[in-house]
Amino acid sequence: MSEPQPLQLVDRTHVRCGRRPWLFFGGCDYLGLAWHPVVRRALSEGVQRGVLNVAASRLTTGNDPLYGRLECELAAFFGVESALLVSTGYATNLVVAQALSGRFTHALLDVRAHVSLADAALWLGCPVLKFRHRDVKDFERVLRRCGRRARPLVLTDGLFAHDGGVAPLRAYQELLPPGGWLLVDDAHGAGVVGERGRGTVAASGIRREHVIQCVTLSKAFGSFGGAVLGPASVRRAILERSHMFAGSTPLPLPWVRAALAALNLLRNDAGLHRRLRSNAAWLKGALRESGFVLPDAPGPIVSLMFRDRRRTLALERALMRNGIHPSLIRYPGAPAGGYFRFVVSSAHTRAQLQRLARTLAPFAKCARAG
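According to the working numbering, the sequence shown is numbered sequentially starting from 1175.
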């Protein structure tokens, strides 16, 4: 995979590539909180009033009280027993796998799960079995292979970044034996779906006792870092058994303050989610009217791909002619030729959405949803 051309973020909806600005439908800043004045002010004040970096593991001398405050607020917001901050969102799944290694007989992995879940499955110390993407019947078939006394751990995204689809978490949980658990990477669901953005676990209404929800603060929250949400026993296991957690320096304190500010906005500003959902619904509706067949997915994402590389290049040129950055994604697990991933944010205006819809409309007959 080659390194992409550098992009400079200009504002919530524009980037600079080369010498000119482009309308931007990429990234994962779904609510525009990375640009929100309240979040930016919290970060700036954190830089001015305190230390940037605790420069030590939390298990030695780096356990600043601010980490505990954010963990308590995250646990309350998501309605879980405990939360534990981790240095990055990617690392959340890895520290969980280190902590729970040897406790499960099988790892069941969605074939389109994020690469961090695939990495985590390898650390669990048990056979890894894959099931077809969001396919409950195939999940049940694979689960039967594990035997009656199995203690499986299911690893799946909550909301899948490639198309905004949501895992059927309730169906998985109902099929699991008593010793089965769910590990849900909700990096793209937290802050986006469910009441006030509490994520796919809350939106599905499943029982929490055997569920671990991993989130990132670098997407919808506009900050940085990650968190493991779930039973207190999982938090204790990470503290006791995860070398990655023990040996890592936690996220800088100004980013903790930014995350606290973002969390407060999610609790109290319902308009953020109204705008996001309204924008996503408008764009998807306009594209369907043009003839696109799109999945019924709650995520604010539209993905398109072509079997013919010439069509891919044609759309790329059309986007550039209309001043839109062509977000052609090449990522581990993605189709070899890549796919276009258009992300709607609460910050996009109707005129910007109309420009994208007009540009895409001529390609309705030859494109397919990602």
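Just so you know, even glycine gets a beta-carbon here, dropped at the ideal spot from N, CA and C.
### Task
Tell me, to the nearest whole angstrom, how far the beta carbon of Arg1394 is from that of Gly1365; I am working on the premise that it is less than 8 Å.
Going by the sequence as given, residue 1394 is Ala instead of Arg. Indeed, because the Cβ distance is near 3 Å, the residues count as touching under 8 Å.
### Nearest to Leu1282 (by Cα), restricted to the options Leu1298, Gln1272, Val1269
Leu1298
### Task
Over the uninterrupted alpha helix (DSSP H) stretch that includes Leu1413, give me the two end residues.
Note, Leu1413: alpha helix (DSSP H), 1406–1415.
### Query
Arg1378 lies in the alpha helix (DSSP H); which residues open and close that run?
Here residue 1378 turns out to be Ser, not Arg, going by the sequence shown. Counted as a single uninterrupted DSSP element, the alpha helix (DSSP H) harbouring Ser1378 occupies residues 1373–1378.
### Message
Do Gly1263 and Gly1400 count as a contact pair if the criterion is CB distance below 8 Å?
### Response
yes
### Message
I'd like the span of the beta strand (DSSP E) that includes Leu1259, first residue to last.
### Response
1256–1260
#### Entry: Length-filtered (3 minimum) beta strand (DSSP E) runs lying within the segment 1334–1365
1355–1359
### Query
What is the DSSP secondary structure of Phe1419, reduced to helix, strand or coil?
Here Phe1419 sits in helix by DSSP.
### Task
Tell me where the beta strand (DSSP E) around Val1389 begins and ends.
1385–1390
### Query
Quick one, which of Arg1415, Ile1503, Arg1529, Thr1523 has its alpha-carbon nearest Ala1492's?
Arg1529
### Query
Quick one: what's got a C-beta closer than 6 Å to Ser1290's C-beta in the same chain, skipping five residues either side?
Tyr1264, Asn1267
### Query
Which ranges would you report for the alpha helix (DSSP H) in the segment 1435–1494 if only whole runs of at least 4 residues count?
1444–1463
### Task
Could you tell me the distance, in whole angstroms, from the CA atom of Ala1460 to the CA atom of Leu1258?
41 Å
### Contact under 8 Å by Cβ, Ala1273 with Ala1435
no
### Residues near His1210 in its chain [Cβ-Cβ closer than 7 Å; skip 5 each side]
Within its own chain, the residues whose Cβ lies closer than 7 Å to the Cβ of His1210, once the five positions on either side in sequence are excluded, are Gly1396, Leu1439, listed in chain order.
### Task
Look at the alpha carbon of Arg1382 and the alpha carbon of Gly1404, and state the distance between them as a whole number of angstroms.
7 Å
### Task
Could you name the residues of the same chain whose beta carbon sits closer than 8 Å to that of Arg1319, not counting the 5 residues immediately before and after it, in chain order?
Leu1303
### Task
Enumerate in chain order the residues of its own chain whose CB-to-CB distance from Ala1249 is below 6 Å, with the five nearest sequence positions on each side excluded.
So the list reads Ser1256, Ala1257, once near-sequence residues are dropped.
### Query
With Leu1457 and Tyr1513 assumed to form a contact (beta carbons below 8 Å), what rounded beta-carbon distance in angstroms separates them?
Rounded, the Cβ-Cβ distance is 17 Å, inconsistent with contact.
### Residues sharing a beta bridge with Trp1196, DSSP
By DSSP's assignment, Trp1196 forms a beta bridge with Val1189.
### Query
Taking 7 Å as the cut-off, is the CB of Gly1473 close to at least one heavy atom of the ligand ZN?
As presented, the structure is devoid of all ligands, the ligand ZN included, so that no description of it is given.
### Task
Using 10 angstroms around the beta-carbon of Asn1442, count the other beta-carbons present and answer buried if the total reaches 16, otherwise exposed.
Under this definition Asn1442 is an exposed residue.
### Task
Within its chain, find whatever has a CB closer than 6 Å to the CB of Pro1426; leave out the 5 residues flanking it on each side and keep chain order.
Leu1226, Asn1227
### Beta-carbon separation (whole angstroms), His1384 vs Val1189, contact threshold 8 Å
Rounded, the Cβ-Cβ distance is 42 Å, inconsistent with contact.
### Cβ-Cβ distance between Val1310 and Ala1345 below 8 Å
yes
### Message
Suppose you measure from the CA of Thr1234 to the CA of Arg1410; what does that come to, to the nearest Å?
### Response
Within the model, the alpha-carbon separation for Thr1234 versus Arg1410 is close to 16 Å.
### Task
Leaving out five residues on either side along the sequence, give the residues of the same chain with a beta carbon under 7 Å from the beta carbon of His1307.
Excluding residues within five positions, the ones whose Cβ falls inside 7 Å are Asp1284, Val1285, Arg1286.
### Residue from Ile1503, Gly1200, Trp1429 with nearest C-alpha to Gly1511
Ile1503
### Task
Out of Arg1186, Arg1193, Thr1187, state which residue places its alpha-carbon closest to the alpha-carbon of Pro1180.
Ranking the options by Cα distance to Pro1180, first place goes to Arg1193.
### Message
I'd like to know whether the C-beta atoms of Leu1296 and Leu1329 end up nearer to each other than 8 Å.
### Response
It is not a contact, given that the beta carbons lie outside the stated cut-off.
### Query
Whole-angstrom Cβ separation of Ala1341 and Thr1374, contact assumed at under 8 Å?
7 Å
### Query
What runs of the beta strand (DSSP E), each 3 residues or longer, lie entirely inside the segment 1243–1325?
1256–1260, 1280–1284, 1302–1305
#### Entry: Proximity winner among Arg1431, Ala1271, Val1517, relative to Val1213 (alpha-carbon distances)
Arg1431
### Task
Answer with buried or exposed for Pro1474, where buried requires no fewer than 16 other C-beta atoms within 10 angstroms of its C-beta.
Label assigned to Pro1474: buried.
### Query
What's the C-alpha gap between Gly1220 and Trp1429?
8 Å
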